[in-house]
Structures are given as structure tokens and as C-alpha cells.
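Heads up, the sequence shown is in the numbering used here, so the first residue is 15 and it goes up one at a time.
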Amino acid sequence: MAGLYRHITASRENGTLVLTIDLEQVKDYIVAEELRYELCHAAKRASCDQIVLDLRNMRFMTSLACHAFLGLRNGVRDRHPRIVLCNMAPFIRKVFEAKRLLTPSPTTGRVTFEAVDTLEEALELFVET
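This is the structure:
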């Protein structure tokens, strides 16, 4: 899967799809939309119910970037995949928290995205299930 995309690197680790964001920042609509397309394409192509988004390279994003990540969630919702974020810079985590994307829903108790500190921790979550 590597080499197909401009903004992400896709790989598999023990049956889990790992999508690494290669961008340092996402602050305009066009880049956010390209990122959304690439994330959805990679996830659909891999047809995997376990997805890790590795944000190790990202240092800045506006709320427009949330559109890309929510687009992934909506694009694969028919399979109900578990999506875990990892390696978030403090600012990136604050954006996700401000948008309540890491907070359990008051009605269902589910979160839009789970978050852990490292890729290893994210992969361990899938081993446990």
C-alpha cells in the first residue's frame, strides 16, 4: 500500500491497518479534502476493521482537518471499525478534545475516536480484543 498516496503512508501490522499522516500541518480545505479522500481510499482498499491513525508528523491543524478524520469514520461506518489515534502532539489533542471527538457520547457512551500515546499502545489494544 505504500507509495500510493501523497499525504499518508499505509501499512499493516498484525492485521491492523496503520495510516500514518505524513503532513506536518493541515490548515486549508483542499489539503483536508485530499487527506480525507486518501484515508477513505486506503481504509476501503484494506477492508480492515482495526485502524490506527498515527499522527506523529502532525504539529498543527485547524478544525478543517477534523473533516478529514470524520470523513474516514463516516466512509467506513458500515463496517463499524475501531479507530485509534496515537502519537498526537499536545496541540492536536486539544483540537480533538475541543471538538469532543475523544469524549464519550452522552447518549451512547461511545467515542468517535480512541486515543493513546504510542503506536505500540494502539496495536496492543487490538491484541486484547
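Glycine included, C-beta positions come from ideal geometry on N, C-alpha and C.
Minimum Cα-Cα distance from M72 among the listed residues K113, K108, E134, E128 corresponds to K108. In terms of Cα proximity to G29, the closest of P118, A103, P95, V130 is P95.
In this structure, the beta-carbon distance from V40 to L78 falls below 8 Å. The beta carbon of C54 is closer than 8 Å to those of G85, L86, G89, V90 in its chain, skipping five residues each way along the sequence. Considered as a whole, the stretch 59-91 harbours 64-68 as its complete beta strand (DSSP E) runs of no fewer than 3 residues, in chain order.
Judged by their CB atoms, L116 and D68 are not nearer to each other than the 8 Å cut-off.
If you draw a straight line from the Cα of L49 to the Cα of L37, it is about 9 Å long. The beta carbon of V130 lies closer than 8 Å to those of V98, L99, C100, A136, L139 in the same chain, with the five residues before and after it left out.
Secondary structure note for E27: its beta strand (DSSP E) is the uninterrupted segment 22-27.
Shown here, E38 sits in coil according to DSSP, grouped into three states, outside any helix or strand.
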